[in-house]
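A.B. asks: Under mature numbering (1 follows the signal peptide of the UniProt record, and there is no 0), read the sequence shown as residues -19 to -1, 1 to 184, first letter to last. Using N, Cα and C, we set each Cβ at its ideal position, and we do this for glycine too.
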Amino acid sequence: MRKYGFLTLFLLFCLCLLATEKKDFEKAVREAVSRQMQNYPKSTLKDLYKNFFQDKFGPGHIISDTTAAGNYLHRELASYTECTGEIAEPTGWEGNFLRVNLSVIKNGRISYNTFFDAFVRSVNGVRPVTVADWQKEWQRIESIIRSMELSLPDYDADCKEIEDRLDRGEYVGHHSKVFEESYSPHYRIISRQIFEKELQPLL
C-alpha cells in the first residue's frame, strides 16, 4: 500500500514539474515574441522564425567556409554607412546567442579581427539538435505565437512555407522583404558567453 502511495506522489510530482516547465517555456516564448514586435513592429512570422532558429542553431549555417564568411562580412561592411539599432539583442526564448550589430566594427569600438574571431568561435556554443526535434519545438512555439493574435501579414502562407522547408530537412530561414526594407539589419550571431566575456568589456 505504501509502495502505491509513493508511486502516486511521484507521478503527481512529475506532472507538476511538466506543467511548470510548459508554463516557463510559454512565458519565455511570449517574452521573446513581444520583444521582437516591440523593436521591429513590421516583423512577420518569417522574422520571428529566424529569431528562434538562430537561438537554436547559432551561426553555424553561414560559417562552414570561414574564408567566404570573412569575404561576405567585408562586403557587407562596405555596403552601408548609416548605423542603427541596438548593439546586442538576445535571440529566441533561451537567449543562447546575441545578434551583435556590425556598428561596433564600423564605429571602431571592436576591431574586425576580434569580432570575426568571436563570431567564428561561436559555432562551438551550438548544442547539436536534429531538424526533426527542432520542428517539434517550432510547432510548439508557433502555436503560442498564433494564440497571441498579432495579426501578422501572410501568416498562414509563411507558416506553410516554414513547415514545408522543415519537412524537407531544411531549417534555415531568412528575414522577410518588408523587414529588410524597413530595418536594414546588419549583425552577426555571437555566443552570449563569448560576447559577455570578451566583447562587452570593450564597449
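(1) Rounded to the nearest angstrom, what separates Phe(-7) and His55 at their Cα positions?
(2) Let's test the definition: count the other Cβ atoms within 10 Å of the Cβ of Pro109 and tell me whether it reaches 16, buried, or not, exposed.
(3) Excluding the five sequence neighbours on either side, which residues of its own chain have a C-beta within less than 7 Å of the C-beta of Tyr136, listed in chain order?
(4) What residue range is occupied by the uninterrupted alpha helix (DSSP H) comprising Arg56?
(5) List the endpoints of the continuous alpha helix (DSSP H) containing residue 185.
(6) Taking C-beta to C-beta, are Asp28 and Thr72 nearer than 8 Å?
(7) Verify whether the separation of the beta carbon atoms of Phe78 and Ser172 is less than 8 Å.
(8) Any chance the segment 78 to 94 sits against the segment 115 to 127, with 3 or more Cβ pairs inside 8 Å?
(9) Determine the DSSP secondary structure at Glu63, reduced to helix, strand or coil.
(10) Would the beta-carbon of Lys31 fall within 8 Å of that of Val159?
(11) Using the three-state DSSP reduction, which class does Arg149 fall into: helix, strand or coil?
(12) By Cβ distance, which residues of its chain are closer than 8 Å to Asn105, with the 5 residues on each side in sequence left out?
(13) With DSSP as the reference, label Tyr21 as helix, strand or coil.
(14) Where do the ends of the alpha helix (DSSP H) carrying Arg102 lie?
(15) Going straight from the alpha carbon of Val85 to that of His155, what length do you get?
(16) Run the CB neighbour count on Leu184, radius 10 Å, all protein chains shown included, and call it buried at 16 or more, exposed below.
(17) Determine the DSSP secondary structure at Glu79, reduced to helix, strand or coil.
(18) On the premise that Ile122 lies in contact with Val10, defined as a C-beta separation below 8 Å, what is that separation, rounded to the nearest angstrom?
C.D. replies: Short version:
(1) Your numbering for residue -7 matches position 13 in the sequence shown. Your numbering for residue 55 matches position 74 in the sequence shown. The predicted model places Phe(-7) with a pLDDT of 41, which falls under 50 and marks its position as unreliable; any figure quoted below should be read in that light. Spanning the two alpha carbons is a distance of roughly 54 Å.
(2) Within the sequence shown, residue 109 is the residue found at index 128, counting from 1. In this structure Pro109 is exposed. Its beta-carbon is surrounded by fewer than 16 other beta-carbon atoms within 10 angstroms.
(3) Along the sequence shown, read from residue 1 onward, the residue named residue 136 stands at position 155. Its chain contains Leu26 as the residues whose beta carbon lies nearer than 7 Å to that of Tyr136, once the 5 sequence neighbours on both sides are disregarded; these appear in chain order.
(4) Residue mapping note: residue 56 aligns to position 75 of the sequence shown, counting from 1. Boundaries of the alpha helix (DSSP H) around Arg56: 47 to 59.
(5) For the chain, the structure presents residues -19 to 184; residue 185 sits outside this window and is missing.
(6) By one-based count along the sequence shown, residue 28 stands at place 47. By one-based count along the sequence shown, residue 72 stands at place 91. It is not a contact, given that the beta carbons lie outside the stated cut-off.
(7) Residue mapping note: residue 78 aligns to position 97 of the sequence shown, counting from 1. Residue mapping note: residue 172 aligns to position 191 of the sequence shown, counting from 1. Less than 8 Å divides the Cβ of Phe78 from the Cβ of Ser172.
(8) With a cut-off of 8 Å on Cβ pairs, the segment 78 to 94 is not in contact with the segment 115 to 127, counting fewer than three such pairs.
(9) Counted from its first residue, the sequence shown places residue 63 at position 82. Glu63 sits in coil when the DSSP states are folded into three classes, being neither helix nor strand.
(10) Residue mapping note: residue 31 aligns to position 50 of the sequence shown, counting from 1. Residue mapping note: residue 159 aligns to position 178 of the sequence shown, counting from 1. The answer is no: Cβ separation not under 8 Å.
(11) For the purposes of this step, residue 149 is identified with residue 168 of the sequence shown, where counting begins at 1. Note: Arg149 maps to coil in three-state DSSP.
(12) For the purposes of this step, residue 105 is taken as the residue at position 124 of the sequence shown. Taking Asn105 as the centre and dropping the five residues before and after it, the same chain places the C-beta of Ser172 closer than 8 Å to its C-beta, in chain order.
(13) Stepping through the sequence shown from its first residue, residue 21 is reached at position 40. Coil.
(14) Position 121 of the sequence shown, counted from the start, is the residue given in the question as residue 102. Residue range 93 to 102 is occupied by the alpha helix (DSSP H) that includes Arg102.
(15) Stepping through the sequence shown from its first residue, residue 85 is reached at position 104. Stepping through the sequence shown from its first residue, residue 155 is reached at position 174. Rounded to the nearest whole angstrom, the CA to CA distance from Val85 to His155 is 23 Å.
(16) Counting from one through the sequence shown, the residue named residue 184 turns up at place 203. Burial call: exposed.
(17) Start at 1 with the first residue of the sequence shown, and residue 79 comes out as number 98. Going by the sequence as given, residue 79 is Leu instead of Glu. Strand at Leu79.
(18) Locating residue 10 in the sequence shown gives position 29, where the first residue counts as 1. Locating residue 122 in the sequence shown gives position 141, where the first residue counts as 1. Correct: roughly 5 Å between the Cβ atoms.
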